[in-house]
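In my numbering, the protein residues as written are 94 to 540.
Take a look at the structure below.
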Amino acid sequence: MLEQVTIILVLFTFVAVGLSARLRHETTVVAFSTKRNSISAFVTAAGVSMTFVGGAALVNMASLGYTFGWYTLVDPISAFIGIFIATLLVGNFRKDNGVTMAELLSSNYPPLAFLIGTITSTVFLLITAAQFVAFSKLLSPFFPGIDPKLMMLFPALVVSVYVFAGGFYAVTRTDVLQLMFVLICLLLPMAILVLNGVSEYPGEHIRHSNAFTQMPLNLMILLSISILYIPVSQDMNIRAKSAATHRTAVIGFISGAALYVLIVFVSIYMGITLNHQGVALGDPESAFSYFFKTYFPAWGILPIIAGMAAIWSTLDTYLMNTMTSIAEDVLRRTAVARNASDRTLLVVAGGLTFGLAMLIAIFFFTILTLVLSALLIYISVLIPVALGRRFKLHDRVILYATLVVIVVIVTSEVLKLSVNPKALIYPAFGAAVMGSLRLFTRLRSLS
């Protein structure tokens, strides 16, 4: 009973802090989604680390560590490299006024902006839905009488309310609180456990084999997507613009990368420890919760609270990103909503975000598949678009080339063609299309 009460109190604490930062006046989409030149390095680091930790880095990394062992380190290594690359782009982010990736990559060409906005909105919806599922899988062991899919409803609803009310202002305020929860409730007890030595597994369900499974190459490549995804992610763009100075943004990015690596390493270590101890898990995605219920039976609720904080932080960030993208890049581009106020656009976008993400979460009810699918879509489309912009192709040419790339990828998926590794082949195909168009354009100009 005490554990359930503690969880509920922490949830209300997050909500209270988020609502305390609500925007009190009529706002624009830009004011909703960024705070230009005002965020410190520490808050930037908290935001970067907690945005990318989330359900994938705690719940999933523990399960992948349980299954694949140290191969799982490919994720934090890739994320660190991706964030480092983003530091090299801070100047580009700060000098541009675009808030969304569609604005950055479309040069305000409406058809291309609408297409990119639709893609990014879909990606953010998938990641948001994954966080809904992560909440359920983390908390279900503590509320066995509640249907796991119903478990998603309350946190999803309350976080949607405070994100809608406070936007980026609320997200940044909760980032710091959530990082404190992770440091105190996760890293501290794990440090004590490691220093004292991990005891033998006290349970009865022991596997006969402790062998790890070799991670498939395709999965390893998918886990490396962050090298390509993070430098062109909307969140890094917003946080670079919101940092007080260029130097502040760079320090915040690198510090956030280091925190991310540390937190994810601890999560992977949990899964590896369970495997070494011969623990049999029916659902590997329960490794994070199971570890603490086993090794911290008296105060294991603390790391679970840390997991809630990490998932919550990613959830509120991607809720904001989704609402911003739908409002600015999709709804505003339609004839019906073109003259609507920003507040109206945000209200409609908020309702669509909550409803669609919840339906996706209920239908798929998985974490890793949703996250990896989202990142694959993102890099398969936006990397070629960014390359087309780099090649200075005409926006209309980039639009048609992107449509061709999307049609080819969708056809490949519908026909279930054997395309591996997708995380390399799909972006490479798009890059080849843009490169061919650049070559054709140059040859035509010479002739």
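Cβ atoms here follow ideal geometry from the backbone N, Cα and C, with glycine treated the same way.
Query raised in the report: Should the region 97-115 be regarded as contacting the region 315-325, the criterion being three or more beta carbon pairs within less than 8 Å?
Result: No contact exists between the region 97-115 and the region 315-325.
**Report entry** Every unbroken alpha helix (DSSP H) inside the region 345-397 [4 residues or more]
**Finding:** Fully enclosed alpha helix (DSSP H) runs of 4 or longer: 380-388.
Requested in this report: Determine the direct distance from the alpha carbon of M413 to that of M451, and round the result to whole angstroms.
Outcome: Taking the straight line joining both Cα atoms gives about 15 Å.
Query - Cβ pair V269, I470 closer than 7 Å - result: Contact flag unset, no.
Requested in this report: Please work out which residues of its chain come closer than 7 Å, Cβ to Cβ, to A420, disregarding the five sequence neighbours upstream and downstream, and give them in chain order.
Outcome: The residues are V122, L438, L439, A442.
**Report entry** Three-way DSSP call (helix, strand, coil) for I499 in this model
**Finding:** I499: helix per DSSP, three-state reduction.
Query - Nearest-angstrom beta carbon gap, S360 and F381 [assumed within contact, 8 Å] - result: Right, their Cβ atoms sit about 7 Å apart.
Query raised in the report: Does the distance from the CB of P241 to the CB of S229 come in under 7 Å?
Result: Closer than 7 Å, so yes.
**Report entry** Minimum C-alpha distance to S131 - residue among L408, I394, H339
**Finding:** Nearest option by C-alpha distance: H339.
Query raised in the report: With a CB to CB cut of under 8 Å and the five nearest residues on each side skipped, what residues in its chain are close to I356?
Result: Hits under 8 Å: S142, V146, A150, L151, V275, L279, L280, A403.
Query raised in the report: Helix, strand or coil for I314 per DSSP?
Result: In the structure shown, the three-state DSSP call for I314 is helix.
Report task. Would you give the residue range spanned by the alpha helix (DSSP H) that N185 belongs to? Result -> N185 -> alpha helix (DSSP H) spans 183-188.
Query raised in the report: When you compare only the Cα positions, how much space is there between I285 and M329?
Result: Approximately 34 Å between the Cα atoms of the pair.
Query raised in the report: Would you call the region 518-537 and the region 472-483 in contact, with 3 or more CB pairs under 8 Å?
Result: As far as the Cβ criterion goes, the region 518-537 touches the region 472-483, which means the pair count is three or higher.
**Report entry** Beta-carbon contacts of L395 that lie in its chain and below 7 Å, excluding the five residues immediately before and after
**Finding:** Excluding sequence neighbours, L395 sits near C278, P282.
Requested in this report: Report yes if the CB atom of T180 is closer than 7 Å to the CB atom of V343, and no otherwise.
Outcome: Yes, the Cβ-Cβ distance between T180 and V343 is below 7 Å.
Query raised in the report: So, are the CB atoms of A172 and Y353 less than 7 Å apart?
Result: Yes; because the gap between Cβ atoms is below 7 Å, this pair is in contact.
Requested in this report: Tell me whether I460 sits in a helix, a strand or coil according to DSSP, three-state version.
Outcome: Looking at I460 - three-state DSSP - the assignment turns out to be coil, as it is neither helix nor strand.
Query raised in the report: In terms of residues, what are the limits of the alpha helix (DSSP H) holding E421?
Result: In the DSSP annotation of this structure, E421 is not part of any alpha helix (DSSP H), being labelled neither H nor E.
Report task. Using beta-carbon positions only, say whether I314 and L517 come within less than 7 Å of one another. Result -> Yes. Within cutoff.
Requested in this report: Name the two residues that bound the continuous alpha helix (DSSP H) containing D328.
Outcome: Judged by DSSP secondary structure, D328 falls within the alpha helix (DSSP H) whose first and last residues are 327-335.
Query raised in the report: CB M127 to CB V192, shorter than 7 Å?
Result: The sequence given here has Thr at residue 127, not Met. Yes, they are a contact pair.
Query raised in the report: If you draw a straight line from the C-alpha of Y159 to the C-alpha of L243, how long is it?
Result: So the two alpha carbons sit approximately 27 Å from each other.
**Report entry** Rounded C-alpha distance that separates T267 from D409
**Finding:** Cα atoms of T267 and D409: separation of roughly 9 Å, rounded to the nearest angstrom.
Query raised in the report: Ordered along the chain, which non-local residues of its own chain (more than five positions away) have a Cβ less than 7 Å from that of T46?
Result: With the chain covering only 94 through 540, there is no way to say anything about residue 46.
Query raised in the report: Going by C-alpha distance, which of I176, N153, G175 is nearest T165?
Result: Out of I176, N153, G175, N153 has the C-alpha closest to the C-alpha of T165.
Query - Burial state of R425 (16 or more Cβ within 10 Å) - result: Looking at its Cβ environment, which holds 16 or more other Cβ atoms inside 10 Å, R425 is buried.
Query raised in the report: Taking only runs of the alpha helix (DSSP H) that begin and end inside the region 130-179, which ones reach a length of at least 4 residues, in chain order?
Result: Within the region 130-179, the complete alpha helix (DSSP H) runs of at least 4 residues are 134-148, 154-161.
Query raised in the report: Thinking C-alpha only, which one of A249, H369, N190 is nearest L449?
Result: The shortest C-alpha to C-alpha distance from L449 to any of A249, H369, N190 is the one to A249.
Report task. Would you give the residue range spanned by the alpha helix (DSSP H) that F228 belongs to? Result -> Note, F228: alpha helix (DSSP H), 203-232.
Query raised in the report: How is T410 classed by DSSP in three states: helix, strand or coil?
Result: Of the three classes helix, strand and coil, the one that applies to T410 here is helix, per DSSP.
Query raised in the report: With burial defined as no fewer than 16 other Cβ atoms inside 10 Å of the residue's Cβ, what is the status of K485: buried or exposed?
Result: So K485 ends up on the exposed side.
Query raised in the report: Apart from the five residues just before and just after L219, which ones in its own chain have a Cβ nearer than 7 Å to its Cβ?
Result: The residues are I453, L463, S466, A467.
Requested in this report: Along the alpha helix (DSSP H) that carries R537, what are the first and last residues, could you check?
Outcome: Counting along the chain, the unbroken alpha helix (DSSP H) around R537 starts and ends at 515-539.
Query - Proximity to L530 [Cα-Cα], best of K509, A494, G259, N513 - result: For L530, the closest C-alpha among the options K509, A494, G259, N513 is that of A494.
**Report entry** Continuous alpha helix (DSSP H) stretch holding N289: start and end
**Finding:** Note, N289: alpha helix (DSSP H), 281-289.
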